[in-house]
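Undergrad:
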Amino acid sequence: MEGSGVGGSESGSMSTVSRDDNMVVSSEDSSCPDESELELGLGLSLGGKSGGFKMHQLSKGGQFARILTAKDFPSVISAASPSSSSSSSSSSLSRANVTAGTKRTADSVAAANGSSQVVGWPPIRAYRMNSMVNQEKNLAAEGFNSTMVNHKSETSMVEKTTAGIGKYQNNGNTKLRKSLFVKANMDGIPIGRKVDLNAHESYEKLAKTLEDMFLKTTSSVNPTGSMTLELGAMKKITRPSKLLDGSSDFVLTYEDREGDWMLVGDVPWEMFLSSVKRLRIMRTSEATGLAPQLQERNQRQKSYVPTHETLPSLKTFAETKSAIRDSMNSWQMGMMVEMSKPLCNSECYVRP
Amino acid sequence: MESSELKRSKDSVNSCESARRSSFPDEVLERVLSLLKSHRDRSSVSLVCKDWYNAERWSRTHVFIGNCYSVSPEIVARRFPRIRSVTLKGKPRFSDFNLVPENWGADIHAWLVVFAAKYPFLEELRLKRMAISDESLEFLAVSFPNFKALSLLSCDGFSTNGLAAIATHCKNLTELDIQENGIDDIGGSWLSCFPESFTTLEVLNFANLTSDINFDMLEKLVGRCKSMRVLKLNRSVSLEQLQRLLVNAPQLAELGTGLFSQELTIREYEELESALSNCKNMHTLSGLWDATGMYLPALYLACTHLTFLNLSYAALQSVELAKLLAHCPQLKRLWVLDSVEDKGLEAVGLNCPLLEELRVFPADPFDNEIVHGVTEAGFVAVSFGCPRLHYVLYFCRQMTNAAVATIVQNCPDFTHFRLCIMNPGQPDYLTNEPMDEAFGAVVKTCTKLQRLSVSGLLTDLTFEYIGRYAKNLETLSVAFAGRSDWGMQCVLGGCPKLRKLEIRDCPFGNAALLSGLEKYESMRSLWMSACNVTMNGCRLLAREMPRLNVEARGGMPHHLSLLSEMLGTRQTENY
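One line per chain: the protein sequences are A and B, in this order. If you read the first sequence in UniProt numbering, its first letter stands for residue 1, the second for the next number, and so on. If you read the second sequence in UniProt numbering, its first letter stands for residue 1, the second for the next number, and so on.
1) My output table needs one value for S312(B): the three-state DSSP class, helix, strand or coil.
2) My output table needs one value for G516(B): the three-state DSSP class, helix, strand or coil.
3) Buried or exposed for R129(B), please, with buried defined as at least 16 other CB atoms from any protein chain shown within 10 angstroms of its CB.
4) Would you mind sorting V251(A) into buried or exposed? The rule is 16 or more other CB atoms within 10 Å of its CB.
5) Taking R78(B) as part of the alpha helix (DSSP H), name the residues at either end of that continuous run.
6) Using DSSP bridges, identify the partner residues of I178(B).
7) Write down every uninterrupted run of the alpha helix (DSSP H) in the segment 253–315 of chain B whose length is 4 residues or greater and which is fully enclosed by it, in chain order.
8) Under the three-state reduction of DSSP, which class applies to G349(B): helix, strand or coil?
9) Please list the terminal residues of the continuous alpha helix (DSSP H) segment that includes V490(B).
10) So the alpha helix (DSSP H) V443(B) belongs to, where does it begin and stop?
11) When DSSP labels each residue in this structure, what does D185(B) get in the three-state scheme?
12) Output, in sequence order along the chain, the residues in the segment 198–219 of chain B whose CB is closer than 8 Å to any CB in chain A.
13) Can you tell me where the alpha helix (DSSP H) holding H109(B) begins and where it ends?
14) Are the CB atoms of E123(B) and K148(B) within a distance shorter than 8 Å?
15) From A141(B) to M488(B), what does the alpha carbon distance come to, in whole angstroms?
16) What separation, rounded to the nearest whole angstrom, lies between the Cα atoms of L350(B) and F417(B)?
17) Could one say the Cβ of F94(B) lies closer than 8 Å to chain A's Cβ atoms, at least one of them?
18) According to DSSP, D187(A) sits in a beta bridge with which residue or residues?
19) Would you please verify whether the beta carbon of W121(A) is less than 8 Å from any beta carbon of chain B?
20) Give me the DSSP bridge partner(s) of F181(A).
21) Using three-state DSSP, classify A167(B) as helix, strand or coil.
22) List the DSSP bridge partners of F361(B).
23) Straight-line CA distance for C396(B) to N54(B)?
24) Can you pull the DSSP bridge partners for I503(B)?
25) Say whether chain A places a C-beta atom closer than 8 Å to the C-beta of F147(B).
26) Quick one: which chain A residues come within Cβ less than 8 Å of A479(B)?
27) Pick helix, strand or coil for A106(B), following the three-state DSSP scheme.
28) Note down, in chain order, all residues in the segment 416–432 of chain B with a beta-carbon under 8 Å from any beta-carbon belonging to chain A.
29) Taking a contact to mean a Cβ-Cβ separation below 8 Å, would you say D342(B) touches T307(B) in this structure?
30) Counting only beta-carbon atoms, is R257(A) nearer than 8 Å to chain B?
31) Can you check which of these residues, L272(B), H372(B), P145(B), is closest to S318(B) by C-alpha distance?
32) In whole angstroms, what separates the C-alpha of D156(B) from that of F439(B)?
33) In terms of alpha-carbon separation, which member of E255(A), K183(A), D187(A), P123(A) lies closest to E286(A)?
34) With 8 Å set as the bound, which would you pick, yes or no: does the beta-carbon of Y254(A) sit closer than that to a beta-carbon of chain B?
35) Any beta carbon of chain A sitting closer than 8 Å to that of E268(B)?
36) Would you kindly check if the distance between the Cβ of E56(B) and the Cβ of L35(B) is under 8 Å?
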């Protein structure tokens with residue numbers, strides 16, 4: 001339940017506020033983009049959810065804009081009713097947003113792509129959220145995804161019942177998607193983030209999100225609803241572009257269930273999801289020894305290792321990596337280097 | 001606070017002295033005061049006069065610190081020399097929802113160091129939202145030979161290795177209560193660290209750990225701890241194993257089962273049923289992961305005296321719940337998932353007339369396509385059947401003003417009303433109006449209201465109502481609500497007993513923030529994130545109120561955390 005910063009408005013419209021408030025006129029606060037860039041749209045990051053909601057939308061008139069109410073979004077209200085599908089509600093929301101003239105366009109709504117979550121909302125403890133996800137996984141693993149039948153027919157207990165949350169979710173047409181939040185940290189940035197892996201269907205999308213999170217400036221949209229960096233922290237470290245001048249490369253790594261640090265991308269996406277505990281964007285200089293330890297693991301646990309011969313639909317490691325590299329236009333994915341000594345936890349990452 | 005107490009006591013010291021000749025000896029006064037348990041009563045008592053202040057501080061054995069930064073451990077130790085039990089709360093509540101950065105603080109270690117020196121006979125430590133490392137747990141385990149009870153809720157920074165240290169070293173341990181925490185669950189071997197000679201455990205809760213434990217060791221542990229009254233297992237314990245445990249521990253008062261789903265033979269089922277029903281003292285039941293209609297009947301006989309049933313990890317359907325509740329006539333507290341739907345809640349209303357607390361959690365909070373879950377109808381149904389209801393936490397996707405008005409009319413005794421309409425800023429779905437009147441009805445009708453969480457589309461009118469009517473309100477949570485500074489000003493200007501105010505994503509700015517200057521000293525904490533407060537506003541606040549800890553992050557502060565009260569200086573890291 002640790003986290004960083006807060007999703008929502010970032011550097012804001014100092015000038016607007018200070019016009020109203022004589023006590024706090026100051027130019028030093030306005031190290032922020034133009035107020036029209038104000039991050040408003042908690043509404044938008046909600047994707048299809050937010051109905052008529054639009055908070056703290058400061059207009060250039062210098063006063064707190066009126067809160068747009070349900071009346072402003074008649075189409076969205078109908079979309080907000082339970083009977084509508086999410087696709088229609090998100091499209092009507094984007095229509096409404098355009099109507100309202102916000103800078104945050106439908107792009108971010110589209111980018112939200114089903115991952116429509118505001119950070120920390122609804123207010124449920126992280127533990128409980130994660131346990132719902134894990135229950136779902138366990139149910140799937142145990143084969144409890146259909147009605148459960150008692151084999152012992154002589155008992156009087158035979159009844160077809162449904163099994164837990166997994167079945168509850170499978171109401172025929174509803175799309176199943178649980179959240180799977182993992183921590184993500186980048187070397188050199190003190191504040192970590194959390195990212196919902198289930199909101200991304202592929203390594204490419206994940207890489208794009210991480211890029212948005214850690215490398216874009218605060219005016220960027222964060223459609224997965226994860227937290228934004230504070231300006232202060234960004235300023236303290238050198239700007240990403242300097243770091244990534246080519247003088248230092250980064251690799252995306254993850255810690256798996258067994259505590260090993262692996263390079264992201266060397267296993268199929270689904271397998272990755274089931275074993276990832278957290279992510280780290282590591283400096284290449286530290287990423288020594290992150291050889292895919294699959295072979296070692298195989299000997300340990302005889303897990304299934306797909307190769308491109310056995311599963312032609314899966315990308316090879318190289319293909320995956322190049323796809324990721326292509327998507328990360330502002331930083332490079334470092335090459336993995338073989339090393340004689342395996343990387344162990346105490347060397348690569350000190351937990352805060 | 002201390003200085004004002006002493007000042008006051010100086011004034012009354014004369015009258016105390018004159019009465020002294022015929023007053024109690026100190027020892028008697030201390031003895032009498034030692035019977036006071038409530039920390040609020042004790043605070044009042046300490047203000048009477050200097051004698052009473054001293055008697056109180058010498059007789060106090062338990063200290064509750066609601067905000068670890070409000071006071072330093074040295075000052076606590078100086079004032080209360082005989083503490084045996086400490087409860088400490090740290091991070092703002094919104095840290096549970098990932099709104100507080102890591103490394104924020106609230107580290108227990110400095111406290112432990114002082115306690116080791118000043119309270120070597122410390123017995124109990126209960127922590128909520130504190131950061132605690134394995135090293136600290138080990139330090140705790142070896143520094144306090146009399147240590148008895150450890151309870152951790154919403155804490156983080158530690159792993160099961162820390163638990164192993166506790167199990168290994170705390171020879172007199174009676175309570176190990178590991179609730180929902182950010183624990184690094186490395187494995188279950190910690191349980192095996194309890195020595196074979198160890199028999200004193202009364203409370204063991206590891207329900208929220210995921211790793212497998214050694215069942216043999218657990219069985220032996222439970223078998224030799226004859227005073228065990230609370231046992232909450234984790235998922236890894238099967239039904240069959242549960243039965244074996246219960247056979248040896250029929251005295252259990254609180255049981256958290258493991259996985260409640262397994263293929264059993266008839267005989268195994270009957271044995272389970274019998275073992276459960278033999279627990280005549282059982283008043284609390286939880287766990288029940290993956291419980292389905294198949295095995296719930298095994299519980300029926302055990303539920304006769306049940307007062308607290310926690311089904312929040314078992315996604316029951318309405319019919320299953322209804323059948324189960326028919327056997328729970330004494331139920332006072334019920335936690336469920338919204339998979340039970342309105343029909344399930346109707347069954348609650350029909351079967352549980354003594355119900356005082358209801359919590360309905362969403363089984364799938366993020367899926368908008370879900371047309372199930374609970375609605376206003378379920379809540380209304382419960383209110384008709386359960387007039388004693390005073391605590392509710394309700395997650396839903398639709399609500400109306402009229403429904404809430406009906407609910408509070410039926411249940412005017414609410415002390416805790418936490419309504420979460422999951423879609424932020426959603427209006428009354430029938431009238432499309434804001435939900436102002438709903439919360440207006442709540443504060444007008446429920447005069448005993450202490451805690452309120454609001455949601456839905458809300459204008460400043462909601463806050464006008466709150467400020468005007470909620471005279472006993474102590475905790476208020478606000479998200480995605482309000483229209484202007486006026487809203488927050490109303491709350492700060494009214495609500496005489498307000499202690500905790502947490503606000504996120506609302507259009508409240510500096511004017512609102514600064515309108516509460518006088519208020520903040522009597523509050524425990526204020527949190528504002530993603531509002532319109534500026535850094536300068538925070539600076540001004542800090543300047544005007546030097547005794548407050550004001551902390552702000554971000555250009556336009558993403559979050560402002562105001563921890564009131566004097567004397568604490570936070571170590572800020574990485575700011």
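Heads up, the beta-carbon is just placed ideally off N, CA and C, and yes, glycines get one too. Being a predicted model, the structure only gives us computed values, none of them experimental.
TA: On the basis of the supplied data:
1) Along the second sequence, one-based indexing puts residue 312(B) at 312. Residue state, collapsed to three classes: coil.
2) Translated into the one-based positions of the second sequence, residue 516(B) becomes position 516. Coil, per DSSP.
3) Here residue 129(B) corresponds to residue number 129 of the second sequence, with the count starting at 1. Buried, since its Cβ has 16 or more Cβ neighbours within 10 Å.
4) Along the first sequence, one-based indexing puts residue 251(A) at 251. With 16 or more other Cβ atoms within 10 Å, it is buried.
5) Here residue 78(B) refers to the residue found at position 78 of the second sequence. Start and end: 73–79.
6) Position 178 of the second sequence, counting from 1, holds the residue named residue 178(B). Beta-bridge pairing links I178(B) to L152(B).
7) 266–277
8) The residue you call residue 349(B) lines up with position 349 of the second sequence. In the structure shown, G349(B) sits in a helix (DSSP, three-state: H, G or I).
9) Mapped onto the second sequence, residue 490(B) falls at position 490. The residue asked about is misnamed: residue 490(B) is Cys in this sequence, not Val. 485–493 is the span of the alpha helix (DSSP H), which, as asked, contains C490(B).
10) Locating residue 443(B) in the second sequence gives position 443, counting from the first residue. It spans 436–445 - the alpha helix (DSSP H) in which V443(B) sits, taken as one unbroken run.
11) Numbered from 1 along the second sequence, position 185 holds the residue referred to as residue 185(B). DSSP places D185(B) in coil when its eight states are reduced to three.
12) N208, T210
13) The residue you call residue 109(B) lines up with position 109 of the second sequence. H109(B) -> alpha helix (DSSP H) spans 109–118.
14) Position 148 of the second sequence holds residue 148(B). Position 123 of the second sequence holds residue 123(B). In this structure, E123(B) lies closer than 8 Å to K148(B) by Cβ.
15) Position 141 of the second sequence, counted from the start, is the residue given in the question as residue 141(B). Position 488 of the second sequence, counted from the start, is the residue given in the question as residue 488(B). When rounded, the distance between both Cα atoms is 45 Å.
16) Position 350 of the second sequence, counting from 1, holds the residue named residue 350(B). Position 417 of the second sequence, counting from 1, holds the residue named residue 417(B). When rounded, the distance between both Cα atoms is 21 Å.
17) Locating residue 94(B) in the second sequence gives position 94, where the first residue counts as 1. At least one chain A Cβ lies under 8 Å of F94(B).
18) Numbered from 1 along the first sequence, position 187 holds the residue referred to as residue 187(A). None; D187(A) has no bridge partner.
19) Position 121 of the first sequence, counted from the first residue, corresponds to residue 121(A). So yes, W121(A) belongs to the interface.
20) Position 181 of the first sequence, counted from the start, is the residue given in the question as residue 181(A). Per DSSP, D196(A).
21) The sequence position of residue 167(B) within the second sequence is 167, counting from 1. A167(B) falls in the helix class under three-state DSSP.
22) Taking the first residue of the second sequence as position 1, residue 361(B) is located at position 361. L337(B).
23) Start at 1 with the first residue of the second sequence, and residue 396(B) comes out as number 396. Start at 1 with the first residue of the second sequence, and residue 54(B) comes out as number 54. So the two alpha carbons sit approximately 50 Å from each other.
24) For the purposes of this step, residue 503(B) is taken as residue 503 along the second sequence, with counting starting at 1. Looking at the DSSP assignment, I503(B) forms a beta bridge with V478(B), M528(B).
25) Locating residue 147(B) in the second sequence gives position 147, counting from the first residue. By this cut-off, F147(B) is not an interface position.
26) Counted from its first residue, the second sequence places residue 479(B) at position 479. Neighbours of A479(B) on chain A, chain order: W121, P123.
27) Looking up residue 106(B) in the second sequence gives position 106. Of the three classes helix, strand and coil, the one that applies to A106(B) here is coil, per DSSP.
28) C420, M422, N423, P424, G425, Q426, P427, Y429, N432
29) Residue 342(B) sits at position 342 when you count from the first residue of the second sequence. Residue 307(B) sits at position 307 when you count from the first residue of the second sequence. No.
30) Position 257 of the first sequence, counted from the start, is the residue given in the question as residue 257(A). Closer than 8 Å: no.
31) For the purposes of this step, residue 318(B) is taken as the residue at position 318 of the second sequence. Closest by alpha carbon: H372(B).
32) As a position in the second sequence, residue 156(B) is number 156, starting the count at 1. As a position in the second sequence, residue 439(B) is number 439, starting the count at 1. Taking the straight line joining both Cα atoms gives about 35 Å.
33) Position 286 of the first sequence, counting from 1, holds the residue named residue 286(A). The shortest Cα separation from E286(A) among E255(A), K183(A), D187(A), P123(A) belongs to D187(A).
34) Here the question's residue 254(A) lines up with position 254 in the first sequence. No - not a single Cβ of chain B is within 8 Å of the one on Y254(A).
35) As a first step, residue 268(B) is located in the second sequence; it is residue number 268 there, counting from the start. For E268(B), the answer is no, since every Cβ of chain A falls outside 8 Å of its Cβ.
36) By one-based count along the second sequence, residue 35(B) stands at place 35. By one-based count along the second sequence, residue 56(B) stands at place 56. Contact: no.
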